[in-house]
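Residue numbers (our numbering), protein chains in the order written: chain A, 61 to 200; chain B, 39 to 205.
Every residue gets a Cβ at the ideal spot worked out from N, C-alpha and C, and that includes glycine.
In this text the structure is predicted, and so the values were computed from the model without any measurement.
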Amino acid sequence: MSVQKNPILRETSHLLIPAILLFALYVQFHGEYGPGGGFQAGVIFASAIILYALLHGTKKAEKVISLNLAKALAAIGLLLYEGIGLLGIILGGNFLDYNVLSHDSVHGQHWGILLIELGVGMTVASVIICIFYAFSKFKR
Amino acid sequence: MLAMTAIAIIAMRNMLSVIMLGGIYSLISATLFVVLDAVDVAFTEAAVGAGVSTVLFLSALAITGKHQALTRKNHIVPIFVVLVTGAGLLYSTTDMPSFGDPQAPVHTHVAPRYIEQSYDEIGIPNIVTSVLASYRGYDTLGEVAVVFTALIAVLLLLGLNRGSRKD
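Okay, structure coming up:
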């Protein structure tokens with residue numbers, strides 16, 4: 061059954077997917093003030109992409125985020141996290157010490173948390189998207 | 039309700055209904071976490087347990103079969119292990135401090151320091167985030183590495199031999 065022929069699925073997906081993506085970004089960047097953070101945001105973001113893939117097919121979803129891009133983003137997210145940790149050493153602190161990232165220690169903590177949460181979100185979202193692609197493209 | 043869903047999952051033979059009930063189980067536990075004021079955990083449980091893992095199980099079902107293979111094994115040993123472990127766990131809960139007790143060990147160790155000083159040190163109002171990302175940043179790095187390793191494992195099992203299998 062094609063989604064294009066089913067108006068309920070089509071219109072609901074048009075309404076819901078942008079809202080889910082926006083909510084994922086809100087959870088990602090508002091994690092310092094409300095509940096949430098990188099893990100939750102990544103999962104919500106991935107679920108929006110998976111919903112799109114379920115309704116419109118994996119091929120169309122891969123035009124949005126391809127398998128190779130998702131693989132790369134998963135590695136980049138982890139590297140960003142580790143990079144922030146190493147940056148702490150380079151700037152004269154300990155591993156994952158955010159105090160030295162900025163002139164003010166509280167300011168440095170803000171930067172550190174924002175960036176590592178971004179890394180976490182990227183990795184989690186793209187790992188889940190990748191696993192979904194791997195399952196849906198698997199042929200016996 | 040959780041127990042009822044779990045019993046229904048055991049009784050079901052159709053894998054499709056088992057997966058759907060698994061999603062329902064996750065959603066009920068998510069509401070339980072909201073009641074316990076653990077909104078972050080509830081978020082994750084609702085999105086991962088009820089959403090993503092249900093979809094992944096369904097795609098695994100598309101690869102394998104729809105029905106559970108009937109086994110004619112002896113069920114007494116597993117039931118005995120489950121009952122003994124359950125009884126042990128129930129017995130040990132009697133030693134636990136009551137829920138929300140301010141004198142409980144978890145509330146007297148490092149938690150007061152986080153609550154009193156994390157805003158001055160980190161400057162963000164959500165203590166969960168400052169513990170997760172800053173005080174326990176090393177643990178979180180390990181968790182992200184675990185997630186990444188899971189991807190590598192799945193790609194090794196499913197992804198690389200796509201279309202090139204001989205059998």
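Which listed residue (L76/A, T118/A, N154/A, I104/A) has its alpha carbon closest to that of M182/A: I104/A
So, is L140/A buried or exposed, given that buried needs 16 or more other C-beta atoms within 10 angstroms? buried
Against chain A, which members of the region 71 to 91 of chain B pass a CB distance test of less than 7 Å? V77, D78, F81, T82, A85, V86, G89, V90
G172/A and I144/A: beta carbons closer than 7 Å? yes
Under 8 Å Cβ to Cβ from L178/A, same chain only, skipping five residues before and after it: list those, please. Annotation for L178/A: Q88, G98, G137, L140 place their beta carbon closer than 8 Å to its own, counting only its chain and skipping 5 residues before and after.
Say whether the region 82 to 92 of chain B touches the region 60 to 72 of chain B, bearing in mind that this needs 3 or more beta-carbon pairs closer than 8 Å, one atom from each stretch. yes
Residue interval of the alpha helix (DSSP H) (run including D177/B): 175 to 192
What is the DSSP secondary structure of N52/B, reduced to helix, strand or coil? strand
According to DSSP, is K199/A helix, strand or coil? coil
Measuring only the C-alpha atoms, how far is I80/A from H74/A? Inter-residue distance for I80/A and H74/A is about 11 Å (C-alpha atoms, whole angstroms).
Separation of G94/A from L189/B, as counted between CA atoms: About 29 Å.
Restricting to runs no shorter than 4 residues, where is the alpha helix (DSSP H) found entirely within the region 140 to 174 of chain A? none
Rounded to the nearest angstrom, what separates A149/B and V180/A at their Cα positions? 24 Å
Cβ closer than 9 Å: which chain A residues qualify as neighbours of N52/B? The premise fails here: N52/B is roughly 20 Å from chain A at the closest Cβ pair, so nothing lies under 9 Å.
Select from Q141/B, D158/B, V120/B, T146/B the residue whose C-alpha is nearest the C-alpha of L164/A. According to the sequence provided, residue 164/A is Asp. The question's Leu does not apply to it. The candidate whose alpha carbon is nearest that of D164/A is D158/B.
Between G102/A and A185/A, is the Cβ-Cβ spacing less than 7 Å? yes
Any chance the CB of I47/B is under 6 Å from a heavy atom of the ligand HEM? For the ligand HEM, the structure offers nothing, since it holds no ligand at all.
Which class does E154/B belong to by DSSP, given the choice of helix, strand or coil? helix
Using the Cα positions of A130/A and F155/A, report the straight-line distance between them to the nearest angstrom. 27 Å
Can you list, in chain order, the residues of its chain with a C-beta nearer than 7 Å to that of A121/A? Leave out the 5 residues immediately preceding and following it. I109, Y112, A113
Helix, strand or coil for D139/B? Go by DSSP, reduced to three states. coil
Specify the secondary structure class of H145/B as computed by DSSP and reduced to three states. Three-state DSSP puts H145/B in a helix.
Spatial neighbours of T118/A within its chain, please: CB distance less than 6 Å, with the 5 preceding and 5 following residues excluded, ordered by chain position. S196
Return the chain-ordered list of same chain residues with a C-beta closer than 7 Å to the C-beta of H90/A, the five sequence neighbours on each side being excluded. G96
Note down the Cα distance separating D157/A from I47/B, rounded to an integer number of angstroms. Using only the alpha carbons, I get a separation of about 46 Å.
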